[in-house]
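Everything in the sequence shown is counted per our numbering, starting at 316 for the first residue and increasing by one.
Positions of the beta carbon are idealized from the N, C-alpha and C atoms, including for glycine.
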Amino acid sequence: MIPKEGCNVADFTLTAEPFLGRFEQHYDDVKLREIYDVAVVSAAIPLRKLTAAKKAVSTAFGVDLPEVGMSALSKESDMRILRLGTDQAFVVFPRAQQDTGAEPHIANLLDGAFYTTDQSDVWVTLEISGTGARRALERICPLNIAPDAFSIGAVARTSMEHLGTVIIRTGEDSFLLMSASSSAHSFSHAIETSIANTA
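Take a look at the structure:
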């Protein structure tokens, strides 16, 4: 208790909980889990500032700004840059890496070359992996995610069961799926149902 103006005030701290409560489920050949404690910062390239943006990414992350539709891991493999459009990217990384807040952290790294916005609470992130992952996704994802069409590192906006989704291929049989946190349970249910229906 904290003494204040002749009375005591409770001393407590609010702690954010993962949208799906650290959900993790294993199936025969598929694993589905929530990737929680993820920071997501939107980084928009100012008009006619692409050259400066490319230089800032190279300096900050040690990699080239990915082409549209691709992602790249930073030199230390602790941050992923998603190029979603000609002037839009996301930077995704563990929240534990920064103490000052996700947006100020990335804005500082990029040295003002991008317009940055914290979207960490906007997205729920699931990882689906295993030899049956692509089979389950093909049932509800309208994109061609065959290995020769959607390479490792590829990223795209799409919809799954009418829910807006960002899909990233992170490995031979692994994908990250990002959707609106406000419909997190509906989204995870849609993925689980597809896994069950394609088992």
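Contact under 9 Å by Cβ, Ile443 with Leu347:
yes
Please report the straight-line C-alpha distance between Ser496 and Leu362, rounded to a whole angstrom.
Computed Cα separation, rounded: 30 Å.
What does the Cβ neighbour count give for Pro381, buried or exposed, with the cut at 16 atoms within 10 Å?
Pro381 is buried by the Cβ-count criterion.
Residues bridged to Ile483 by DSSP?
Val470, Leu491
Using 8 Å for Cβ pairs, my map puts Arg410 next to Ser435. What's the rounded Cβ distance?
7 Å
Can you find the residues in the same chain that come closer than 8 Å, C-beta to C-beta, to Gly400, ignoring five residues on each side of it along the sequence?
Only Val383 meet the Cβ criterion.
For the stretch 343 to 360 against the stretch 417 to 435, are there 3 or more C-beta pairs whose distance is under 8 Å?
yes
Could you check what DSSP says for Pro419 in three-state terms: helix, strand or coil?
helix
So what's Ser444 in DSSP terms, helix, strand or just coil?
strand
Is DSSP giving Phe405 helix, strand or coil here?
strand
Distance between Val406 and Ser386 (C-alpha atoms, nearest Å)
C-alpha separation (whole angstroms): 10 Å.
Please indicate yes or no: does the CB of Leu335 lie closer than 8 Å to some heavy atom of the ligand SAH?
No copy of the ligand SAH occurs in the structure displayed, which carries no ligand at all.
The stretch 368 to 376 contacting the stretch 440 to 458, beta-carbon criterion three pairs below 8 Å:
no
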